[in-house]
Amino acid sequence: MSVPTISDIAGVTAQPELKFTNSGKAVLNMRLAFNDSKYDEQQSKWVNTRTFYVDGTAWEQTAERVAEWLAQGDQVYVTGRLETQQWEDKDGQKRSKPILNVQAIRKLAPAAKPQQNTQQSAPAQQGQWGGQQTAPAADPWSAPSGQQSAWGNGPDSQDPPF
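The numbers in full-length UniProt numbering rise by one with no breaks, and the one at position 122 of the sequence shown is 122.
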């Protein structure tokens, strides 16, 4: 029997918690929401039809790295193995729930920040991935032939830009 592996987009619904086991291993607990959606022609937009909530757990180096940047409200692309956690409650009843043992996670979009209405001129905006951004970056592939692009390779180069 194989353990199901999930790779999908999810939302982080609660602030992740980094803890350490008695043996010193890092463990990051997070609550994830996976949405099922469909296109509603009357509204002319995508709408969520169902949501599947699951607790996610990342271990060791992954947990420590992810804890530095993951926050409630972030949208992430996550890959992990769906497993069953089993325990006995205080009354001796056997309980279980699904958990996602996170193997890889990547932030797609940071948590939305509330808009503030100010009448001052807008300062440099924070880029989606952090850092100051004052104007949209030029398309590195639109540089005329033979010129150096923002990536360091001309558009005629056979080298990938990464």
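Note that beta-carbon positions come from the ideal geometry of N, C-alpha and C, so glycine has one too.
Every value quoted in this text rests on a predicted model; they were computed, and no experiment measured them.
Going by beta-carbon coordinates alone, are residue i and residue j separated by less than 8 angstroms?
i: PRO98; j: VAL54; result: yes
Rounded C-beta distance between residue i and residue j? I'm assuming under 8 angstroms.
i: GLY80; j: VAL66; result: No, GLY80 and VAL66 are not in contact; Cβ-Cβ is about 12 angstroms, not under 8 angstroms.
i: ILE6; j: GLN75; result: Rounded, the Cβ-Cβ distance is 16 angstroms, inconsistent with contact.
Which of the three DSSP states, helix, strand or coil, is assigned to residue i?
i: THR62; result: helix
i: ALA71; result: coil
i: GLU41; result: coil
i: SER23; result: coil
i: PRO98; result: strand
i: SER7; result: strand
i: SER2; result: coil
i: GLY56; result: strand
If you compare alpha carbons, which of the options is closest to residue i?
i: THR51; options: ALA33, LYS38, THR57; result: ALA33
i: SER37; options: ASN29, ASN48, SER44; result: ASN48
i: VAL27; options: ALA14, ARG95, SER44, GLU60; result: GLU60
i: ALA58; options: LYS25, LYS45, GLN42, THR84; result: LYS25
i: TRP69; options: THR21, LYS107, ASN29; result: LYS107
i: ALA111; options: SER44, GLU17, LEU18, GLY73; result: GLY73
i: VAL12; options: PHE20, MET30, LEU18; result: MET30
i: PRO16; options: GLU64, GLN43, GLU41, SER2; result: GLU64
i: ALA109; options: THR62, TYR77, GLN43, LYS19; result: TYR77
i: PHE20; options: SER2, THR62, GLU41; result: THR62
Cutting at 7 angstroms between CB atoms, please list the residues of its own chain near residue i, excluding the five before and the five after it.
i: THR84; result: SER96, PRO98
i: PRO136; result: Unreliable positioning characterises PRO136 in this predicted model, as indicated by a pLDDT of 46, which lies under 50. The coordinate reading is nonetheless provided below. No residues qualify anywhere along the chain.
What does a CB cutoff of less than 6 angstroms around residue i pick up in its chain, not counting 5 residues either side in sequence?
i: ALA14; result: ARG31, GLN72
Does residue i come within less than 8 angstroms of chain D when only Cβ atoms are used?
i: PRO4; result: The structure shown contains no chain D; it holds only a single protein chain.
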